[in-house]
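Down below is the structure, laid out as structure tokens.
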Ligand SMILES: [Fe+2]
Ligand SMILES: [Fe+2]
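In structure tokens, the structure reads:
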């Protein structure tokens, strides 16, 4: 293996909202609809996303991770449009997706919803043996030589004004087992989740309910990298597992073209895992200013965890 570059983007919030039948109206969707038309649609714009994705592809990453919030108010037409966008982004072999709270927005009885993207959320052949059965398909594992992607689903339908998430005991118990098995085999473990995975990284109405439990799992079993979205802000936090240090990295929205509620403008991250046991290089690229070019915003080295032997 001659190194591995993983690109991470999130929260594309694809517009416009499609027309939809009266039976899909409920309080949560009406509020989401108004929120979109009163503000969000002016910020999350397709030309910005398209320019960001073009820049990302020019970096020729080995794989792309998308951490949810592809859509806005959970309408069938939105899922179909997002499926089309994913197809343009890459094949299911080259792109991994986990859902966000806007993708599991409210109960949807007569449409597959985010499951339209299932080919992007299933184990690959190398990861199938590590992916536990049950738990509604999560966690799933995809292995790319020495790098293992572990996809979690933190999204659950919530009441109006709440955007929190929950893994549930089945999923975080399964995640603990998966992390232990992959760690024992020397994989560089990369967890993908929509909500911030640690306590204190989001306000209570937007937070992961069982962040304390996931925090314990990460500390007990270790993970070299945990990638999340949801906050639309860039943040890096170190975590200490039993075998060494890992990093928790949040990426802003990939489509935000104007300032909105203090969120970062459109950005994506690249992680370059090295073959010589050196630190992972993280590069952030995106907009420094509205209407500006896509440029490098930040470059830092993340000290390697203990699992570098397999990469060498
Ligand atoms: Fe979002
Ligand atoms: Fe979100």
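Numbering (this note's numbering), first residue to last: 6 to 317.
Glycine included, each C-beta is placed from N, C-alpha and C at the ideal position.
Problem set entry | the region 28 to 37 in contact with the region 279 to 297 per 3-pair CB rule at 8 Å | No, because fewer than three Cβ pairs between the region 28 to 37 and the region 279 to 297 fall closer than 8 Å, the two stretches do not touch.
For this session: Taking only the alpha-carbon atoms, compute the straight-line gap between residue 305 and residue 119 and give it to the nearest angstrom.
Result: Mapped onto the chain shown, residue 305 falls at position 300. Mapped onto the chain shown, residue 119 falls at position 114. Going from the Cα of residue 305 to the Cα of residue 119 covers about 34 Å.
Problem set entry | Identity of the residue in 297, 294, 290 and 286 nearest residue 308 by Cα | Within the chain shown, residue 308 is the residue found at index 303, counting from 1. Of the candidates 297, 294, 290 and 286, the residue whose Cα lies closest to the Cα of residue 308 is 286.
Exercise. Hey, which residues come within less than 5 Å of ligand 2, measuring from Cβ to any heavy atom, in chain order?
Worked result: That query returns the following residues: 74, 105, 106 and 235.
Exercise. Do residue 55 and ligand 1 come close, with the Cβ less than 7 Å from some heavy atom?
Worked result: The residue labelled residue 55 in the question sits at position 50 within the chain shown. Distances taken from the Cβ of residue 55 to the heavy atoms of ligand 1 include none shorter than 7 Å.
Exercise. From residue 291 to residue 51, what distance separates their C-alpha atoms?
Worked result: Counting from 1 along the chain shown, the entry for residue 291 is found at position 286. Counting from 1 along the chain shown, the entry for residue 51 is found at position 46. Their backbone Cα atoms lie some 14 Å apart in a straight line.
Exercise. In whole angstroms, what is the alpha-carbon distance linking residue 95 and residue 59?
Worked result: As a first step, residue 95 is located in the chain shown; it is residue number 90 there, counting from the start. As a first step, residue 59 is located in the chain shown; it is residue number 54 there, counting from the start. Rounded to the nearest angstrom, the gap between the Cα atoms of residue 95 and residue 59 is 12 Å.
Exercise. Grouping DSSP H, G and I as helix and E and B as strand, with all else coil, what is residue 85?
Worked result: Numbered from 1 along the chain shown, position 80 holds the residue referred to as residue 85. Residue 85 falls in the helix class under three-state DSSP.
Problem set entry | Residue(s) in a DSSP beta bridge with residue 287 | Walking along the chain shown from the start, residue 287 turns up at place 282. Beta-bridge pairing by DSSP links residue 287 to 276 and 305.
For this session: Less than 8 Å between the CB atoms is what I'm expecting for residue 260 and residue 49, so what's the real figure, rounded?
Result: Counted from its first residue, the chain shown places residue 260 at position 255. Counted from its first residue, the chain shown places residue 49 at position 44. The pair is a contact, with the Cβ atoms about 4 Å apart (cut-off 8 Å).
Exercise. Does ligand 1 have even one heavy atom less than 7 Å from the beta-carbon of residue 269?
Worked result: Mapped onto the chain shown, residue 269 falls at position 264. No.
For this session: Establish whether the CB of residue 171 and some CB of chain D are separated by less than 8 Å.
Result: Checking the listed chains, one finds no chain D in this structure; it contains a single protein chain.
Exercise. Apart from the five residues just before and just after residue 265, which ones in its own chain have a Cβ nearer than 6 Å to its Cβ?
Worked result: Indexing the chain shown from 1 puts residue 265 at position 260. Around residue 265: 48.
Problem set entry | Backbone secondary structure at residue 236 - three-state DSSP | Here residue 236 is taken as the residue at index 231 of the chain shown, counted from 1. Residue 236 falls in the coil class under three-state DSSP.
Exercise. Does DSSP put residue 241 in a helix, a strand or coil?
Worked result: Here residue 241 is taken as the residue at index 236 of the chain shown, counted from 1. Looking at residue 241 - three-state DSSP - the assignment turns out to be strand.
Exercise. Which residue comes first and which comes last in the beta strand (DSSP E) that contains residue 14?
Worked result: Working through the chain shown from its first residue, we reach residue 14 at position 9. Counting along the chain, the beta strand (DSSP E) containing residue 14 begins and ends at 9 to 14.
Problem set entry | Cβ-heavy atom distance, residue 13 to ligand 1, below 7 Å | As a working note, residue 13 is residue 8 in the chain shown. Residue 13 Cβ: outside cutoff for every heavy atom of ligand 1.
Exercise. Out of 97, 268 and 41, which has the shortest C-alpha to C-alpha gap to residue 18?
Worked result: If you number the chain shown from 1, residue 18 lands on position 13. Measuring from the Cα of residue 18, the nearest candidate turns out to be 41.
Exercise. Taking the alpha helix (DSSP H) that residue 53 falls in, what are its first and last residues?
Worked result: The residue labelled residue 53 in the question sits at position 48 within the chain shown. Segment 51 to 63, the alpha helix (DSSP H) holding residue 53.
For this session: Determine, using beta-carbon pairs with one atom in the region 158 to 175 and one in the region 184 to 193, whether at least three such pairs fall under 8 Å.
Result: Cβ pair count under 8 Å is below three, so no.
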